[in-house]
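Trainee: According to this note's numbering, the sequence shown is numbered sequentially starting from 81. All C-beta atoms in this analysis are idealised placements derived from N, C-alpha and C, irrespective of residue type, glycine included. The structure that follows is given in the form of structure tokens.
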Amino acid sequence: MILMKDVYKTYENGVTALNGINVEIEQGEFVYIVGPSGAGKSSFIKLMYREIKPTRGTLFISNKDVSELKEKEVPYLRRNIGVIFQDFRLLPKLSVYENVAFALEVIEEPPKNIRRRVMEVLDLVGLKSKARFFPNELSGGEQQRVSIARAIVNRPKIVIADEPTGNLDPDTSWEIMRAFEEINNSGTTIIMATHSKEIVNTIKKRVIAIEDGLIVRDEHRGDYGYES
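Written as structure tokens, this is what we have:
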């Protein structure tokens, strides 16, 4: 599903963020990406949705070399990848429904299908009753659930979450994690960068630890392994 071979990433300022990454992630896995700040976690996940390209090495997603994609092909890659950010990135002038529908409108899904699918995913994340609300009328946890709905509305094979509970209180964080587990149980691959020791140690999944741009630990049902 996802295969990195000898992947390096050096930025223009000379900083090497990834220093020879080799990893394979199968369809349907749930993987935590952990490690100290500045270890290379963000670069690792940005490679997967082609926000950045590797300096050296190869990255295959569904047997396609992502590093070799032409720019016009990148949007097609991203149709199979949902991305969830810590800061939500909702469009403030659009309603909850419109924020989620937008992801289907850009791929020219028929309007009838859009309405059915949007309401389906809003129901999944518990926000069907707030479809007409605007982002500033929602709590932080509700906004994050809208961003999850938007990320999964077109049924991506992979969902990448970058610190999705970082700005949320503990109770809301557990609600978000329950949503992720449900999405994963449907067969979607989840890759989640996190600093939450409690989440990783409680909801046991595969743990990949990155330090100084290298994978130093890769454990199924692993622990967080760092002090909070």
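Measure the alpha-carbon distance for glutamate 185 versus leucine 170 and round it to whole angstroms.
Mentor: So the alpha carbons of these two residues sit roughly 15 angstroms apart.
Trainee: Within a Cβ cutoff of 6 angstroms, which residues of the same chain sit near glutamate 278, ignoring the five residues on either side of it in sequence?
Mentor: If we look at glutamate 278 and ignore the five residues flanking it on each side, it has no Cβ neighbours.
Trainee: Just to check my reading of the structure: valine 183 and valine 205 have Cβ atoms closer than 8 angstroms, yes? What is that Cβ distance to the nearest angstrom?
Mentor: One detail in the question is off: residue 183 reads as alanine in this sequence, not valine. The Cβ separation is near 14 angstroms, so there is no contact.
Trainee: If you measure between the beta carbons of glycine 293 and glycine 108, is that distance less than 7 angstroms?
Mentor: No.
Trainee: Out of curiosity, what's the CA-to-CA distance linking isoleucine 283 and glutamate 261?
Mentor: Their backbone Cα atoms lie some 9 angstroms apart in a straight line.
Trainee: Please determine, among Lys173, Ala231, Glu200, His275, the residue with the shortest C-alpha to C-alpha distance to arginine 335.
Mentor: The chain is shown from 81 up to 308; residue 335 falls before or after that span and cannot be answered.
Trainee: Which residues share a DSSP beta bridge with glycine 162?
Mentor: Bridge partners of glycine 162: Val239.
Trainee: Arginine 196 lies in the alpha helix (DSSP H); which residues open and close that run?
Mentor: Looking at the DSSP string, the run of the alpha helix (DSSP H) that includes arginine 196 is 191-204.
Trainee: Give the DSSP bridge partners of threonine 90, in chain order.
Mentor: According to DSSP, which records beta bridges pairwise, threonine 90 is partnered with Thr96.
Trainee: Who are the near neighbours of asparagine 281 in its chain, counting only those whose CB is closer than 8 angstroms to its CB and skipping five residues on each side?
Mentor: Here the set comprises Asp303, Tyr304.
Trainee: Where glutamate 104 and glycine 118 are concerned, what is the direct C-alpha to C-alpha distance, given to the nearest angstrom?
Mentor: Rounded to whole angstroms, glutamate 104 to glycine 118 spans 22 angstroms at the Cα level.
Trainee: At which residues does the beta strand (DSSP E) containing arginine 230 begin and terminate?
Mentor: Unbroken run through arginine 230 is the alpha helix (DSSP H), 220-232; no beta strand (DSSP E).
Trainee: Suppose contacts are defined by Cβ-Cβ distances below 7 angstroms. Is valine 296 in contact with valine 233 by that definition?
Mentor: The answer is no: Cβ separation not under 7 angstroms.
Trainee: Any idea what DSSP makes of aspartate 251, helix, strand or coil?
Mentor: Looking at aspartate 251 - three-state DSSP - the assignment turns out to be helix.
Trainee: By the DSSP assignment, the alpha helix (DSSP H) with alanine 181 in it spans what residues?
Mentor: Alanine 181 -> alpha helix (DSSP H) spans 176-185.
Trainee: Could you check where the alpha helix (DSSP H) with valine 280 kicks off and where it finishes?
Mentor: Run containing valine 280: 277-282, per the alpha helix (DSSP H) assignment.
Trainee: Mark proline 172 as exposed unless 16 or more other C-beta atoms lie within 10 angstroms of its C-beta, in which case mark it buried.
Mentor: Exposed: under 16 other Cβ atoms inside 10 Å.
Trainee: Contact check, methionine 81 vs serine 142 under 8 angstroms by CB: the rounded distance?
Mentor: Correct: roughly 7 angstroms between the Cβ atoms.
Trainee: Going by DSSP, name the residue or residues bridged to phenylalanine 110.
Mentor: Looking at the DSSP assignment, phenylalanine 110 forms a beta bridge with Ile270.
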